[in-house]
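One structure is given here, and the rest of the page talks about it.
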Ligand code: PMV
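Residue numbers (the numbering used here): 607 to 928.
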């Protein structure tokens, strides 16, 4: 009863930040994301009647701090599939964990996919997406590849694929500006924003409009419209974060300088835009062929540690090699 799965982080272009009060970990707003191909989590899950508890190893280290959240995810899987067995979970990332690169999204999507496969369950992708959402709402989206939507309507929403990775193969360059874990995690940060930011209601009230417009832009392959909506959604979310008390300042100096360079590159004719999650890393989205121009535009910024180019990738799936 063992399986290995791989999932990739996804980056929201229309972001969610905040949860609904009712339901099990349901976002307060709808979101639209792209699944990456260059970064990945691989997770091996083994269920065995000899185990007396769940165990988790991440990047070859035992992680007691993560165990409670992982065990809760396994509990939901056990409840849904009707097993009582405990699991041994081993996971590795090819990128820094907890640094604003959506490691919880790829991590929980890979965990759900591997656990379901190990148990021989025939849960479809929608059901796996619901299970992933209960542990990390953004993980619901990493079950699918390409462009993905997570509409928050209904009591138990799942993500769905809007179009596949090959249907609009955009370039995504991840600019790494720190490898440190963020000081305030997204779950806690969202609660603080919902209870203290004067901008929070405006953020949730305007999200559906952004979501619908972004969906249209993707379906009509309108890069310019998607660029405008995505940057606006990102900056609005960071406006909410900055107006939270105590303020959530996830950016560093390099983050800000990259924003300026991307805007400058666009003003000189390159189809490109930026987006930033709860951390200092910047993801730069472009039409194919822009990697060299992007590299050239940001390489000399002090504090840029690494520039990782990639494209859009597939959803969570079982693999044979860990
Ligand atoms: O669901 P979480 O806890 O991984 O939070 C994700 C929050 C953002 O990445 C900032 C936005 C988003 O929609 O992914």
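Note that CB positions come from ideal geometry on N, CA and C, so glycine has one too.
query: Flag this pair as yes or no: are the beta carbons of residue 850 and residue 886 separated by less than 7 angstroms?; result: no
query: For residue 856, verify whether its CB is less than 6 angstroms away from any heavy atom of the ligand PMV.; result: no
query: Mind pulling the beta strand (DSSP E) runs of 3 or more residues that sit fully within the region 885-909?; result: 888-892
query: Using the rule of at least 16 other Cβ atoms within 10 Å of the residue's Cβ for burial, across every protein chain shown, is residue 684 buried or exposed?; result: buried
query: Just to confirm before moving on: does the CB-CB distance between residue 707 and residue 615 stay below 7 angstroms?; result: yes
query: In the region 786-835, which residue ranges form an unbroken alpha helix (DSSP H) of at least 4 residues, counting only runs that do not cross its ends?; result: 792-802 and 806-825
query: Note the first and the last residue of the continuous beta strand (DSSP E) segment covering residue 782.; result: 777-782
query: What residues are listed by DSSP as bridge partners for residue 838?; result: Its beta-bridge partners do not exist; DSSP assigns none.
query: What residue range does the beta strand (DSSP E) around residue 766 cover?; result: 766-769
query: Mind checking who residue 692 pairs with in its DSSP beta bridge?; result: 654
query: Whose C-alpha, out of 845, 877, 608 and 896, is nearest the C-alpha of residue 723?; result: 608
query: For residue 748 and residue 768, I'd like the C-alpha separation in whole angstroms.; result: 13 angstroms
query: In the region 715-767, which residue ranges form an unbroken alpha helix (DSSP H) of at least 4 residues, counting only runs that do not cross its ends?; result: 731-741 and 745-748
query: Pull every residue with its beta-carbon under 5 angstroms away from any heavy atom of the ligand PMV, and keep them in chain order.; result: 618, 621, 622, 637, 710, 742, 743, 744, 792, 883 and 884
query: Between which two residues does the beta strand (DSSP E) harbouring residue 617 extend?; result: 616-620
query: Throw me the rounded Cβ distance for the residue 689 and residue 725 pair, which I believe falls under 8 angstroms.; result: 6 angstroms
query: From residue 899 to residue 842, what distance separates their C-alpha atoms?; result: 27 angstroms
query: Residue ranges of each alpha helix (DSSP H) run of no fewer than 4 residues wholly in the region 854-879, ordered along the chain?; result: 859-873
query: Should residue 667 be labelled buried (16 or more other beta-carbon atoms within 10 Å of its own) or exposed?; result: exposed
query: Grouping DSSP H, G and I as helix and E and B as strand, with all else coil, what is residue 664?; result: strand
query: Taking DSSP as the reference, what is the three-state secondary structure of residue 699?; result: strand
query: Near residue 914, which residues of its chain fall below 6 angstroms by C-beta distance, leaving aside the five closest residues on each side in sequence?; result: 644 and 780
query: Go to residue 670, then tell me how far its beta strand (DSSP E) extends in each direction, as first and last residue.; result: No beta strand (DSSP E) contains residue 670, which is instead part of the alpha helix (DSSP H) from 670-687.
query: Cβ of residue 642 within 7 angstroms of Cβ of residue 916?; result: yes
query: With C-beta atoms as the reference, is residue 893 less than 7 angstroms away from residue 877?; result: yes
query: What span of residues does the beta strand (DSSP E) with residue 923 cover, start to end?; result: 923-925
query: In three-state terms, what does DSSP make of residue 711?; result: helix
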